[in-house]
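Comments concern the structure below.
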Amino acid sequence: MDVLFKSINVRDLLSSSPNIDDVNSPLSAPDLRLLISQLQLHSVDIKSKVRQYILSHYSDFSSLFSQSSNTVTKSEHLTSRLSDLIQLISDHPVETQIKEVIDEIVVKSKELKEKKELLGLVDVILELNDGIRFVKDEIKAGRVENAAVGLTELKKAVLMTCNDETTTNPLVYGLLKDEWTECFEEMQEVLLQCMDNAVWFEQESNTVHLKYQSSIKGVDGIELHTVLKAMDAVGIMDYGLAKVADLMIKHVITPVVSFRSTIVVEWTNQESGNGADAILKILPSADPNVDSVDGASMYSVLVDVVKFISKSLCFENSAWMLCFGRLTWPRMSDLIVSNFLSKNVPDDASKLADFQKIVKCTSEFEASLKELMFIASSDGKDERLSKFADNVEVHFASRKKVEILAKSRNQLLQSDFRLPEDITRRNSKVKDDDNAESSSDLVVDLLFTSERCVVSEAASGLMKLVHGTLKDVCLSSPRVGLEFYHAARDSLLLYEAVIPVKFERQLDSINHSAVLIHNDCHYLSQEILGLAFEYRSDFPASMKELVVFADLAPRFQMLAEEVLQRQIKLVIYNLKQAIDGADGFQNTHQMKQYESAKLSIDQVIFILEKVYIIWHRLLLPSAYKRSMCMVLNAVFSRIANDILLLDDIAAEETLQLQRLIHLLFENLSSLLDSVLAINQTGKLQESPAQTLDDLIPSLRKLRKLADLLDMPLKSITAAWETGELVNHGFKQSEVEDFIRAIFADSPLRKECLRRIESTYY
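Counting in the working numbering, the sequence shown runs from 12 upward without gaps.
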């Protein structure tokens, strides 16, 4: 049969055609007829093979058809029988009888279950009643521990069931609950009476008695340990120990914390039938200075008291000790805080070291209480004393920091930068000079130079405050010391924030306040650089790497330079304004113009003398020299340039200009001498290494210009050719213009100008 599933290849049928290889070429009529003929032959061949296949498998096909016929017959038979069964069920309803039987079974089962539950309830009630009767008998017999165990077991059976709101409980359960509650109250009363008999206080002899065996209601020999176990079992430990804890606070803890008594723990063994008793005696202190008792002594006594409670009362049971601690520790800690810690809070940083001893003792005391299980070791809330001590330290540091900043701020705001009458310029003297000593705190020595300067009360007071604060850092704990360190830094920064704003108007004018601000900033920068070196060795070890002041010094140094440069620019501006009144020194041969120019020179002299009085008294010698040289150089340069810009100078005019220059030099001679008297390091010197011409380049130019005003033309030309005028700062164009302005046009002037032009430097 494989031939049926094979495809017919048309190309094979037309293999004889010459064009069949070309797939895209159309078939011709002969090819199509040939193809039809071939397909017919092929179809006949297929039919022949199919017939042969069926004949060869005839038996198989016959068997298959027979099985199919049998299956159809059986299916019809089953369908008929199923129809008969359905008809039978419809005529006889059996399910109704079955349902009645099942309902009867359910009812009987429910009745049986209810009877069993009733029998079980009766058994439970009888059992609970027997248990309650057993507890009552045990209480009467004094066997409180067994009674406590019985009560605990009954609680699970009675109270749990009665409190279940999801079910309706029988009335008898309510009666049983009342019986159990009555037993519990009776048990509680007995245990409290036992505790009252076991622990009592004798106020006459100041003694605490603890009896290990007691009797109640005619029953002797009830052990204290058994009573505690019973209270723990029934869950009334807190209630049972509350009275004892209260009496211990009143009669033992309070006298110790108030430093009114000392405590001595005595043990007494009695061989009587009552067994051994523990006695805690309270003896008054024989020391008249009892208030001076330190914290270590108080804490030691309190630890002894807690040890007595642990060994004698709680039998070293950690759960019982924690319970007793919960009842007493809050009140005990409050007493210690109010009567001891709060009274020893330091009000000065020098006392912080002593307070640190108290903090250490307090921490050790709480650690001892944790070992004795008086307070929980895992609960940070019980560290009441340590937290208070730590907070006291932090609050003290914060309060002192606020006080320091407030004090420094008030000093700065109240400062008026007025100079006392006795302040004179002592900063030109050397430190080693005995005459340099000053009674005023405002004349200070600079750390890293040999100079002295006058500072304001604000800066002097601020540095005293900073030094005092850093001394407190050396005496403080790391945490307090760090707060003080930040307070010192912030106080210094307050100067930078307050003073320039407060004295803004003074900085815009020439006055001593601006100079004092410059001195303050220079003084503060040097003091700041020395702070770390002065105090670092005495700082707490953990702070030595954190304390940094050097970063503040450049800020104050820059502020000092800004203030000084601002003053120099103001002085130069005012001087130029005064020189502008001379109208370029033109026509000074005329009386009106000469008087105007002379007035301008007088104003320049007045301004310079005013600046000299302020700067010479207050500025550092080196700063004074540098600043005054800048001002004088600007003044002399401006006057020389104005004169050299004149294009026509009469003979009489040259004399007047020369007279004005000489007048300027005569009146500024003392000022020039003050500059010359100071060398580069700010010290006085008898033989100066530098001349005024070196310090003030325009000075030599103006002096030479005064000489040129009455020199002959040939002498001026010779001075240029020799280089003298160049050395005095003259330019070729200035010399040529000066010659043209003074001398009339002539062959000699042309010759001299040619010679000057041909000379190069």
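Ideal placement from N, C-alpha and C gives every residue a C-beta, glycine not left out.
Everything numeric in this text was worked out from a predicted model, so none of it was measured.
Counting C-beta pairs with one atom in each stretch, the region 383-397 and the region 460-473 have fewer than three that are closer than 8 Å, which means they do not touch.
Three or more Cβ pairs closer than 8 Å define a contact, and the region 661-672 meets that threshold against the region 597-614. Beyond the five residues adjoining it in sequence on each side, T702 comes within less than 8 Å, by CB distance, of L687 in the same chain, given in chain order. When beta bridges are read from the DSSP output, V219 appears opposite F212 and L291. Here G251 is buried: its Cβ has 16 or more other Cβ atoms, across all protein chains shown, within 10 Å. Counted as a single uninterrupted DSSP element, the beta strand (DSSP E) harbouring R463 occupies residues R463 to V465.
Within its own chain, the residues whose Cβ lies closer than 7 Å to the Cβ of E327, once the five positions on either side in sequence are excluded, are S321, listed in chain order. For S54, the uninterrupted alpha helix (DSSP H) run begins and ends at A40 to S67, by DSSP. A direct Cα-Cα distance of roughly 30 Å separates L430 from A561. A distance below 8 Å separates the beta carbons of I625 and N522. In the DSSP assignment, I618 falls within the alpha helix (DSSP H) that extends over M602 to L629.
Distance check between D718 and each of L666, S744 and S685 places L666 closest, using alpha-carbon atoms only.
A Cβ-Cβ separation of about 5 Å places S225 in contact with A209 under the 8 Å criterion.
The alpha-carbon separation between E745 and R500 amounts to approximately 56 Å. In this structure the region 361-373 does not touch the region 409-422; the number of beta carbon pairs closer than 8 Å is below three. Annotation for I590: the continuous alpha helix (DSSP H) segment containing it runs A564 to D591.
Closest in alpha carbon position to D243, among Y635, M198 and I57, is M198.
Take Q517, set aside five residues on each side of it, and the residues of its chain with a beta-carbon closer than 6 Å to its own are S524 and A525, in chain order. DSSP places I347 in the uninterrupted alpha helix (DSSP H) bounded by S329 to I347. C-alpha of F550 to C-alpha of M384: approximately 39 Å in a straight line. Here K60 is exposed. Its C-beta has fewer than 16 other C-beta atoms within 10 Å.
Look at E394 here: in three-state DSSP terms it is coil, with no helix or strand label. Between L202 and I247, the C-beta spacing is below 8 Å. Ranking V155, K254, D231 and L291 by CA distance to the CA of L221 puts L291 first. Out of Q601, K587 and E768, the CA that lies nearest to the CA of D613 is found in K587. Judged by their CB atoms, L570 and C532 are nearer to each other than the 8 Å cut-off. Contact between the region 337-349 and the region 395-405 is present, with at least three C-beta pairs closer than 8 Å.
Proximity to F376 across K411, W340, K362 and V646 peaks at W340, based on C-alpha coordinates.
Between the alpha carbons of N598 and G592 lies a distance of about 13 Å. With 16 or more other CB atoms across the displayed protein chains lying within 10 angstroms of its CB, V255 is buried. In the structure shown, G246 falls within a coil segment according to DSSP collapsed to helix, strand and coil. DSSP places I707 in the coil class of the three-state scheme, outside both helix and strand. The C-alpha of D114 is placed about 57 Å away from the C-alpha of K240. Rounded to whole angstroms, the Cβ separation of K555 and A498 is 18 Å, and the two are not in contact under 8 Å.
In this chain, S502 is not harboured by any beta strand (DSSP E); it is covered by the alpha helix (DSSP H) spanning P489 to K513. If you draw a straight line from the Cα of G734 to the Cα of L505, it is about 56 Å long.
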